[in-house]
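In our numbering, the protein residues as written are 5 to 137. The beta-carbon is built from N, C-alpha and C at its ideal position, and this holds for glycine as well.
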Amino acid sequence: MRRGWAWIGWPAAIVPRYVERELAFRGHRIKPGTMVIFSPYATHRMPEVYDRPEEFRPERWLEEGFQPNRGEFVAFGGGAHRCLGHVMATTELSVMLATLLARGEFRLEPQKVRAVGITSMRPKDGVRITLGP
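Right, here's the structure in full:
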């Protein structure tokens, strides 16, 4: 599930926030009230964190030693402003996957998946899977 969220950037491509206190970031002074935009979509495509990030490889989460640091897996944001629905979304998806897997095996069909949307992303043309015994 985590790799799926990281791969398409769902649920949010960008997250706007307003700076509360003056801060410095990479040599730039940012004043209070300034809107800054954080992108989970871009963060999850950082090759410094994810080997071959453009590829859907959910097995990477099972590889020994793979554990993103705090701030590197941010599909639901983080800190005090983390999405309130993250536990519900994770639970719902876990139940859905368990239900599907109890009925058989499903495979992702070879396809090019393009995401659309900004604050709530989804696959442009859906995602094709095969469900079988």
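For Pro72, which residues from the same chain have a beta carbon less than 7 Å from its beta carbon, with the 5 sequence-adjacent residues on both sides left out? Around Pro72, the same chain offers Val53 as residues with beta carbons nearer than 7 Å, after the five sequence neighbours per side are excluded.
Let me know the alpha helix (DSSP H) ranges lying completely inside the region 29-103, each 4 residues or longer, listed in chain order. Those alpha helix (DSSP H) runs which fall completely within the region 29-103 and span 4+ residues are 44-47.
For Val96 and Gly89, what's the separation of their Cα atoms in angstroms? For the sequence presented, residue 96 should be read as Glu rather than Val. About 10 Å.
Excluding the 5 residues flanking Glu58 on each side, which residues of the same chain have their C-beta closer than 8 Å to its C-beta? For Glu58, the CB contacts under 8 Å within the same chain, skipping 5 residues up- and downstream, are Arg49 in chain order.
I need the DSSP call for Ala119, collapsed to helix, strand or coil. Taken through DSSP and simplified to helix, strand or coil, Ala119 comes out as strand.
Taking 8 Å as the threshold (C-beta atoms), are Glu67 and Thr47 in contact? No, the Cβ-Cβ distance between Thr47 and Glu67 is not below 8 Å.
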